[in-house]
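*Asks:*
Protein chains in written order, with the numbering used here: chain Y, 18 to 476; chain F, 2 to 246.
Put into structure tokens, the structure is as follows:
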């Protein structure tokens with residue numbers, strides 16, 4: 018067939034880019050007008066006033082339009098690059114090397130991180146921010162992510178109320194240590210046990226539920242716990258929260274300025290840094306413990322049963338798996354780890370209130386698991402660093418004030434960027450950052466280390 | 002005659018208020034292959050599921066090896082070595098073939114794993130090539146083989162097969178039927194299978210039952226059922242062309 022000439026010559030690339038940039042700019046204007054363009058401020062008479070922020074709105078819209086313009090311009094170049102990149106396979110070799118050394122490297126980095134920070138800032142409170150806000154904060158979420166990963170990633174039970182168990186752990190530690198003076202090391206396992214008790218309690222009524230229905234019930238459970246914490250004032254002090262929670266000690270040595278304090282005994286000058294560093298290694302150890310038991314459990318019958326349960330419940334039952342017990346152990350195990358994290362959280366903060374255990378926390382932890390790739394340990398850790406570290410980094414971006422004006426506070430856009438990041442990752446990697454699943458048994462290994470496999474009941 | 006291994010007596014099963022089985026009697030003796038044939042919606046799969054305890058029979062009793070299993074939960078029935086290859090295969094898609102087989106051996110003593118694995122891989126050599134592959138990436142026939150192999154990993158005394166030839170090319174279906182026949186001959190494995198493919202099922206089976214609307218209407222040896230005009234008329238329209246394989 019003779020090629021029919023197009024009626025018109027195709028518009029030039031620059032023209033097309035301009036047009037698309039205009040359309041995008043208009044859409045961005047419509048979208049960001051209520052989001053960025055107006056801000057509500059409280060006046061002296063306690064009424065809300067609407068204030069326009071045209072500079073900020075203009076900056077955002079211009080930024081988006083320019084980005085679209087450049088993207089369209091770069092289109093043909095990107096296309097060519099994609100076409101070139103496809104047949105080249107050797108890149109996977111690099112990836113193999115990378116994935117082989119990534120875990121030990123990441124672990125090593127996590128271990129030396131405080132020293133690394135100190136080397137940069139010197140021993141002064143300036144280091145506190147980096148170890149506390151970044152190190153400890155991220156590691157708490159890594160641990161929570163790994164804990165929830167057992168429930169959601171392995172057992173496939175969508176839990177939207179995970180923060181409830183975190184809260185149980187935190188309040189267990191706070192109340193028991195304040196009322197009975199029990200030590201952190203005694204309460205850490207106890208909080209875990211109490212939280213896992215609540216996990217089983219939640220597990221029983223929802224045994225028959227799956228997917229969406231389970232998600233709704235767990236969501237409600239998370240809210241119930243929070244509302245109880247708010248309203249049971251005689252026990253929990255309601256909204257005001259519990260303050261003056263005893264801090265953890267270094268095997269009996271408190272971190273304070275007294276003569277019996279950590280600094281005095283070890284002949285160091287007193288600094289709040291030591292406690293922070295100690296807390297950092299504590300949460301690192303707890304997080305690694307979580308990772309370790311997850312890895313171990315995956316190779317044990319109960320872990321395999323969790324994964325099989327996620328795949329097909331009916332097949333599981335017909336193969337002789339007690340699905341009731343399997344689900345309950347998944348809930349209990351996940352809740353126990355959240356309880357550990359919770360008791361650490363309350364020991365670190367010294368103050369807890371129901372504000373710390375809102376639904377948004379559950380959502381954050383769940384996003385970490387989903388974005389990381391369900392069931393993948395490293396993926397979850399990376400997602401925690403991105404999401405939690407990302408929001409912390411936003412507090413540091415002072416240079417943005419020069420672009421968007423002085424009243425621009427990047428942290429206000431946390432949720433917006435959070436959502437955008439999620440949409441992008443879900444488009445780019447729909448199954449999470451790391452979606453490959455390591456098989457828990459191999460054929461070759463049987464010949465290599467039979468003794469190890471015997472323990473796992475493989476013969 | 003000896004006591005049957007599996008005996009179903011007057012079983013009635015309901016989905017809500019709708020009866021699916023209206024008093025079914027079936028016997029399966031040790032070492033037999035028994036086929037259950039019938040049209041779509043006759044209740045064949047329901048009977049299979051009822052034997053496994055999900056859904057539960059509302060009336061009647063199911064006895065396995067002298068023990069009443071009517072009210073037992075599914076996983077305890079499986080622990081009695083009744084293995085099932087369920088309808089739709091239901092393999093664990095994201096787990097490897099080896100892991101799938103490992104899940105099958107849960108109720109078997111762990112020291113038998115290597116021997117059992119060897120046994121099913123000899124029976125289905127295709128699976129050996131695919132051991133490290135994810136279950137979901139197998140072809141339909143391979144998935145069916147995996148489903149049966151997984152059921153066999155528990156060293157079952159009774160193997161329940163729900164539509165093993167569903168959606169398979171005739172050649173693959175024949176491979177699977179041959180494997181079932183081999184197992185029965187060499188190891189005396191007792192098999193109860195539900196099939197749409199009446200011709201092949203009745204040729205394979207020692208005895209057969211025909212189910213219509215939740216009731217058993219005919220029973221007899223496989224060959225005698227094949228010869229009955231009403232069976233031929235109802236189920237073997239397509240089968241007649243294959244009569245000389």
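We put the CB at the ideal spot given by N, CA and C, even for glycine.
(1) Are the CB atoms of residue 78/Y and residue 123/Y nearer to each other than 7 angstroms?
(2) Can you look up residue 251/Y in the DSSP assignment and give me helix, strand or coil?
(3) For residue 86/F, which residues does DSSP report across the bridge?
(4) DSSP on residue 36/F, reduced to helix/strand/coil?
(5) Closer than 9 angstroms by beta-carbon distance: list the chain Y residues that pair up with residue 95/F, in chain order.
(6) Using 7 angstroms as the limit for Cβ to Cβ distance, is residue 30/F near chain A?
(7) Quick one: complete alpha helix (DSSP H) runs, 4+ long, within the segment 98-139 of chain Y?
(8) Identify every residue that forms a DSSP beta bridge with residue 419/Y.
(9) Note down, in chain order, all residues in the segment 101-114 of chain F with a beta-carbon under 8 angstroms from any beta-carbon belonging to chain Y.
(10) Between the segment 180-198 of chain Y and the segment 344-355 of chain Y, do three or more beta carbon pairs fall short of 8 angstroms?
(11) Exposed or buried, residue 125/F, counting other C-beta atoms within 10 Å across all chains shown (16 or more means buried)?
(12) Judging by CA-CA distance, which residue of 182/Y, 241/Y and 342/Y is the nearest neighbour of residue 225/Y?
(13) Would residue 335/Y pass as an interface residue toward chain F - the criterion being a Cβ-Cβ separation below 7 angstroms?
(14) State the start and end residues of the unbroken alpha helix (DSSP H) segment that holds residue 190/Y.
(15) Given that residue 75/F touches chain Y, what residues does it touch there, using C-beta distances under 8 angstroms?
(16) Could you tell me which of 11/F, 12/F, 21/F and 32/F sits nearest to residue 4/F, measuring between CA atoms?
(17) May I ask which residues mark the beginning and end of the beta strand (DSSP E) holding residue 317/Y?
(18) Does the CB of residue 48/F have a neighbour CB from chain Y at under 7 angstroms?
(19) Indicate whether at least one CB of chain Y lies closer than 7 angstroms to the CB of residue 120/F.
(20) Could you compute how far the alpha carbon of residue 172/Y sits from the alpha carbon of residue 228/Y?
(21) Tell me which residue opens and which closes the beta strand (DSSP E) that residue 218/F is part of.
(22) Whose CA, out of 208/Y, 47/Y, 70/Y and 49/Y, lies closest to the CA of residue 58/Y?
(23) Buried or exposed for residue 312/Y, going by 16 or more other Cβ atoms inside 10 Å?
(24) Please list, in chain order, the residues of the segment 225-259 of chain Y that have any C-beta partner in chain F closer than 8 angstroms.
(25) Taking 6 angstroms as the line, does the beta carbon of residue 210/Y fall inside it for any heavy atom of the ligand FMN?
(26) Spatial neighbours of residue 99/F within its chain, please: CB distance less than 7 angstroms, with the 5 preceding and 5 following residues excluded, ordered by chain position.
(27) Leaving aside the five residues before and after residue 54/Y along the sequence, list all residues of the same chain whose C-beta is less than 8 angstroms from its C-beta, in chain order.
(28) Decide if residue 36/Y is buried, meaning its Cβ has at least 16 other Cβ atoms within 10 Å, or exposed.
(29) Ignore the nearest five residues each way along the sequence and tell me which others in residue 260/Y's own chain have a CB closer than 8 angstroms to its CB.
(30) Quick check on this structure: which residue in 458/Y, 323/Y and 236/Y has the alpha carbon closest to the alpha carbon of residue 178/Y?
(31) Shortest alpha-carbon distance to residue 319/Y belongs to which of 410/Y, 348/Y and 270/Y?
(32) Residues in its own chain within less than 7 angstroms of residue 205/Y by CB, not counting five upstream and five downstream?
(33) Is it buried or exposed for residue 85/F, if we count other Cβ within 10 angstroms and need 16 for buried?
(34) Scan the segment 115-197 of chain F and note each continuous beta strand (DSSP E) run of 3 residues or more that stays entirely inside, going in chain order.
(35) With H, G and I counted as helix, E and B as strand and the rest as coil, what does DSSP make of residue 6/F?
(36) Suppose you measure from the CA of residue 64/Y to the CA of residue 241/Y; what does that come to, to the nearest Å?
*Replies:* Looking at the atomic coordinates:
(1) no
(2) helix
(3) 162/F
(4) Secondary structure at residue 36/F: strand, using DSSP grouped into helix, strand and coil.
(5) What residue 95/F touches in chain Y: 324, 327, 328, 392 and 454.
(6) Any reference to chain A falls outside this structure, whose protein chains are Y and F.
(7) Entirely contained in the segment 98-139 of chain Y, the alpha helix (DSSP H) runs reaching 4 residues are, in chain order, 108-138.
(8) Beta-bridge pairing links residue 419/Y to no other residue.
(9) 103, 104, 105, 107, 108, 111, 112, 113 and 114
(10) When Cβ pairs closer than 8 angstroms are counted between the two stretches, the segment 180-198 of chain Y is seen to touch the segment 344-355 of chain Y, the count reaching three or more.
(11) buried
(12) 342/Y
(13) yes
(14) 180-197
(15) 334 and 335
(16) The candidate whose alpha carbon is nearest that of residue 4/F is 32/F.
(17) Here residue 317/Y belongs to no beta strand (DSSP E), and DSSP marks it neither H nor E.
(18) no
(19) no
(20) 11 angstroms
(21) 216-222
(22) 70/Y
(23) exposed
(24) none
(25) Because no ligand of any kind appears in the structure shown, any question about the ligand FMN cannot be addressed here.
(26) 132 and 133
(27) Around residue 54/Y, the same chain offers 69, 70, 71, 73 and 74 as residues with beta carbons nearer than 8 angstroms, after the five sequence neighbours per side are excluded.
(28) exposed
(29) 367 and 368
(30) The candidate whose alpha carbon is nearest that of residue 178/Y is 236/Y.
(31) 348/Y
(32) 357 and 360
(33) buried
(34) List check, beta strand (DSSP E) in window: 159-163 and 191-196.
(35) coil
(36) Separation of residue 64/Y and residue 241/Y (C-alpha to C-alpha, rounded to the nearest whole angstrom) is 33 angstroms.
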